[in-house]
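Okay, structure first, notes after.
4 protein chains.
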Amino acid sequence: MGNLKLTSSNGNNRRTSVHVDGVTIGRDFVVIAGPCSVESETQTLITAQKVKEAGANILRGGAFKPRTSPYDFQGLGLQGLKILQKAKRETGLPVVTEVTDPRDVSWVCEYVDMVQIGTRNMQNFSLLKEVGKTDKPVLLKRGMNSTLKEWLNCAEYILAEGNPNVILCERGIRTFETYTRNTLDLSIVPSAKELSHLPVFVDPSHGTGRLSLIESMSLAAMAAGADGVMIEVHHNPSEALCDKDQAMPPDMFAGLMKKLQVLGTCMVQWNQERECQGLVRPQ
Amino acid sequence: MGNLKLTSSNGNNRRTSVHVDGVTIGRDFVVIAGPCSVESETQTLITAQKVKEAGANILRGGAFKPRTSPYDFQGLGLQGLKILQKAKRETGLPVVTEVTDPRDVSWVCEYVDMVQIGTRNMQNFSLLKEVGKTDKPVLLKRGMNSTLKEWLNCAEYILAEGNPNVILCERGIRTFETYTRNTLDLSIVPSAKELSHLPVFVDPSHGTGRLSLIESMSLAAMAAGADGVMIEVHHNPSEALCDKDQAMPPDMFAGLMKKLQVLGTCMVQWNQERECQGLVRPQ
Amino acid sequence: MGNLKLTSSNGNNRRTSVHVDGVTIGRDFVVIAGPCSVESETQTLITAQKVKEAGANILRGGAFKPRTSPYDFQGLGLQGLKILQKAKRETGLPVVTEVTDPRDVSWVCEYVDMVQIGTRNMQNFSLLKEVGKTDKPVLLKRGMNSTLKEWLNCAEYILAEGNPNVILCERGIRTFETYTRNTLDLSIVPSAKELSHLPVFVDPSHGTGRLSLIESMSLAAMAAGADGVMIEVHHNPSEALCDKDQAMPPDMFAGLMKKLQVLGTCMVQWNQERECQGLVRPQ
Amino acid sequence: MGNLKLTSSNGNNRRTSVHVDGVTIGRDFVVIAGPCSVESETQTLITAQKVKEAGANILRGGAFKPRTSPYDFQGLGLQGLKILQKAKRETGLPVVTEVTDPRDVSWVCEYVDMVQIGTRNMQNFSLLKEVGKTDKPVLLKRGMNSTLKEWLNCAEYILAEGNPNVILCERGIRTFETYTRNTLDLSIVPSAKELSHLPVFVDPSHGTGRLSLIESMSLAAMAAGADGVMIEVHHNPSEALCDKDQAMPPDMFAGLMKKLQVLGTCMVQWNQERECQGLVRPQ
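Chains as they are written, first to last, in this note's numbering: chain A, 1 to 283; chain B, 1001 to 1283; chain C, 2001 to 2283; chain D, 3001 to 3283.
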């Protein structure tokens, strides 16, 4: 189904690394954190500082929010991008934001270090081609009912335009379960790595939609072989303008970062054992 | 879930009619027919002539094709629109084509009588806003895993920009069934009519993906209360560049049109009985 | 997937008829009607009389109810079967009831003319084998997430034990839509008839779970080629012990029966046209 | 939805332990391993010995196999149970097998230490009640499209009959993904533990259907907080009579066991940190 000549791993173990202003995705485990949407300068700067202190590598923040209803908060747009820029200056963290319209791609790229394609736009082929014409890293979220092959074909749209810097990001699929907002599909992590050389991220915040599940799913994502996680953090979740049920307060995020470090050490030990045995990583 | 102040039926029986260059959708049963994609002038003109003779009301034909793989046929673009225009001049049939990029909306509208938003773009909010700024009729397909409420919120995006001419179109949802390409959800027809005053169409070609099922599903759509169906017809299905398994040859289409007419008479009889009994239509 | 040697149509147009105490399923359109569950003698006898007067062919009524919670009403059991028997004596209508346990099959068959396998038990292979050892007609409901092939394999389990009297019954599948209780898949009707010679029924009551949708879905089922429908009727829906949102009052049921008759006449006309043209039914 | 008075955690952190002939589920991480089905004495005894050596705690093996087609291998029945008994005598491992018919429950319980309810029988309420009347531990698999609440209601059926020894087991749900056989839903592990005090297992063999994914999903299951995993191991996968694509050879299983031990140590470290901080486990 579809020609994946650029996206496919072609059956070998070659892995791609993507460089996001000094952070290398695809080598060490990377944590992206920050608010769902940029709501104000204060909110963004405080949260950015908190996630930086806890050890996050990249700052996230939405300036253009695709919302189910036309009457919901749609993001601050350009103003939000300027706030992200300021947060970067203050913390040194590279920033990533979602882009939703092909007409916005070129100028949004001036403000951020990585652009995100959201789940609803996974098959927005005009948008994919437009980010493919830049050389910005692209975080390509999986469509909420997309198969792996469809997702990889979307990566192929970007690579085919000349931009090799694509990171796949699982964010939960729609299932019949109602307890969680979506069903986080962690098996897609090793599956995507079998078929493709691209790095694979996991977003447990949207993937579960429940604060109480994010920690265990982040740890499970790392254990499953993900190259990183993206966590929604808000300095004051009860006041968040969107997705407040899944916004993690900074202290809980700091606790999660510590556990990820412990697990990281454990995984180094696995890899050493594997090397001792002359085994390669099963990707 | 979402404010549907413009899309909602508000519990009364008011129905909206949409006028497409002389054809009124929402009053009599309307049939849109034509090729999946405009492949050539010859193919389009022959097919247009055939569906006109059989009694179709509007001609369809894709000039921009959203395809899973970047390497598949993506449509003829402007050239395709010019062919559609010529087919309209020759047959008198109004034409509808899909638009996929907000940058294309204004100029594509110069060539066609109705624009279609495809299933993958149902929640492409930039595109919805752009067609909302025109006064062209918009055929809004349901996302392949969209709920009714999400779909109606997308109609609301268009109406909120000032364009009241929206027709909803069910085109099959993704299910676990593999015998059919999608699962045509006919219960969405009376459901959408309960919640909204907008006309509701059905696309049994994409909805089933199997030629042998299209006739019975078209008849069932009419019996379920749909305002019309959209059928893919190709003068030579075995040579179709896309979706050849669901392309209907002209003679089969003519047979279907006759059955729809018989059923239409039958439904008039139902409505008369209902009026005799002083009943209103259960929408 | 699976050997369907007994269930398959083997590509020809042979259709099977199943005889239910004088009613032939697979020839004329058959309507099964009655309460979701047998609640009392009065409720059952009144409802039976009403559906008989309106023209129903078979009476339904549940004596063993598979319920999500162990604390919900589980049916009257043997007492319910005796009430069904009495209703049959008074109305002359054959009766059908669900059986859920292989240990109950032989004795339940003494009381009814047809047994039903419910959606949750479609792949209860012990139960399928047990009804396969009788010669009672079996109404085999489709599992709520079953594919067509899985369903036909379940019919094969029954036929392989020696009982050829199987009727398939679509009752709605689970999808992401929340407006309806299930999504009635009418395209499975012509699909099942392509692959199998068995009759195909539709249950729009469970299939939609909304009273206001049952009439249009019944008509659409007939137009799609179904061999009959099964409708939940209760003489006083507001007091029904289960599924009260989908229980149809007798007068609405009588109105539906009239429309089905009109549509039936229309379909005879289609078939005559087809015969005039020398065409066979596309099954 | 449903009264879960016995199954619910009632919001507190009380956890239930289930004792399976000397193995305590719900305390340390437990590994169940063995063949999909008992095919022969040789195959079962060799595999049992291998998984015992690698550190497995309980032996699995199917004697009654629910198969999609009536013509597929249905298991050895009583002969299979006797082979399992012999394997237990030789290795000391407790044994678990699936039961599919309420008529089999009492005598099957004579041969095994735990019975399994398979995914197709999750809502086979007669079967649930029958195992509820024993005091055998019951491994209750989640239905392949079941919600968490429906699953817990099935546990409630067992507990309501008097048997408190229920272990929940996630085995993958049906989604649109075709790369994997099912989609393993690891977020159900912490979710089930929020709502219920029962132990939660994970079956990554059926959950993925691909040998190459089982290791990473087992590790992820442990990181997500599962009480154990169930792995299909076959001493010679290429000759397995069922599910050969997911059967793990013994040496790969031994490697997995080592990694689980490393991860187990890591998780002890997490818990110690948590205790140092005065935090309780977020279940």
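Glycine residues also receive a C-beta, built at the ideal position from the N, C-alpha and C atoms.
Under a criterion of Cβ atoms nearer than 9 Å, the residues of chain C adjacent to T3100/D are, in order, N2124, F2125 and S2126. Interface with chain C (8 Å Cβ-Cβ cutoff): G3002/D is included.
Counting C-beta pairs closer than 8 Å gives three or more between the segment 3232 to 3245 of chain D and the segment 3200 to 3214 of chain D, which meets the contact rule.
Taking a C-beta cut-off of 7 Å against chain C, the contacting residues of the segment 1159 to 1188 of chain B are I1173, T1175, F1176, E1177, T1178, Y1179, T1180, T1183, L1184, D1185, L1186 and S1187, listed in chain order. Contact annotation: I3117/D and V3108/D have beta-carbon atoms that are not nearer than 8 Å.
Of all residues in the segment 211 to 241 of chain A, only S212, L213, E215, S216, M217, L219, A220, A221, M222, A223, A224 and G225 come within less than 8 Å of chain D when Cβ atoms are compared, listed by chain position.
Around the beta carbon of T47/A, 16 or more other beta carbons lie within 10 angstroms, which makes this residue buried. In the DSSP assignment, V3020/D forms a beta bridge with V3023/D. When Cβ-Cβ separations below 8 Å define contact, N2010/C makes no contact with chain D. Within the same chain, Cβ atoms closer than 7 Å to the Cβ of R1060/B are found at I1032, A1033, G1034, V1096 and M1230, the five residues on either side in sequence being excluded.
Using a Cβ-Cβ cut-off of 8 Å, N145/A counts as an interface residue toward chain B, since at least one Cβ of chain B sits closer than that to its own. Each residue's CA atom was taken as its position, placing Y157/A and P1070/B some 5 Å apart. Residue contact check for E1194/B against chain C: a CB pair falls below 8 Å. Distance between L2045/C and Q2085/C, taken at the CA atoms: about 10 Å. Under the three-state reduction of DSSP, Q116/A is assigned to strand. The Cβ atoms of P2066/C and R2103/C lie no closer than 8 Å to each other.
In this chain, A1033/B is not harboured by any alpha helix (DSSP H); it is covered by the beta strand (DSSP E) spanning V1030 to G1034. In the displayed model, V1189/B falls within a helix according to three-state DSSP. Taking a beta-carbon distance threshold of 8 Å, C109/A does not count as an interface residue toward chain D. Annotation: I2025/C to S2017/C spans about 6 Å, alpha carbon to alpha carbon.
Relative to the Cα of V3030/D, the nearest Cα in the group N3012/D, S3037/D, V3051/D and V3038/D belongs to V3051/D. With a threshold of 16 other beta carbon atoms within 10 Å, V1268/B falls short and is exposed.
The beta carbons of P1199/B and L1168/B sit closer together than 8 Å. In terms of CA proximity to L2128/C, S2106/C leads the group S2106/C, R2027/C and Q2074/C. Using a Cβ-Cβ cut-off of 9 Å, L1263/B is close to A2223, L2263, C2266, M2267 and W2270 of chain C, given in chain order. The Cβ-Cβ distance between L140/A and C3266/D does not fall below 8 Å. Looking at the DSSP output, E150/A sits in no beta bridge, so it has no partner there. The beta carbon of L1140/B does not come within 8 Å of any beta carbon belonging to chain C, so the residue lies off that interface.
As the crow flies, the alpha-carbon of D21/A is around 15 Å from that of A87/A. When C-beta distances to chain A are compared with 7 Å, the residues of the segment 1061 to 1077 of chain B below that value are P1066, T1068, S1069, P1070 and Y1071, in chain order. In this structure R2171/C does not touch F176/A by the C-beta definition: roughly 16 Å separates them, more than the 8 Å allowed. For P35/A, the closest Cβ of chain D is not nearer than 8 Å.
Assignment of R3060/D by DSSP, reduced to helix, strand and coil, places it in the strand class. Only those residues of the segment 3040 to 3060 of chain D whose C-beta falls short of 9 Å from the nearest C-beta of chain A would be listed, and there are none. For Y2111/C against L2081/C, the beta-carbon gap comes to about 4 Å, under 8 Å, which counts as contact.
In this structure P3190/D does not touch L211/A by the C-beta definition: roughly 11 Å separates them, more than the 8 Å allowed.
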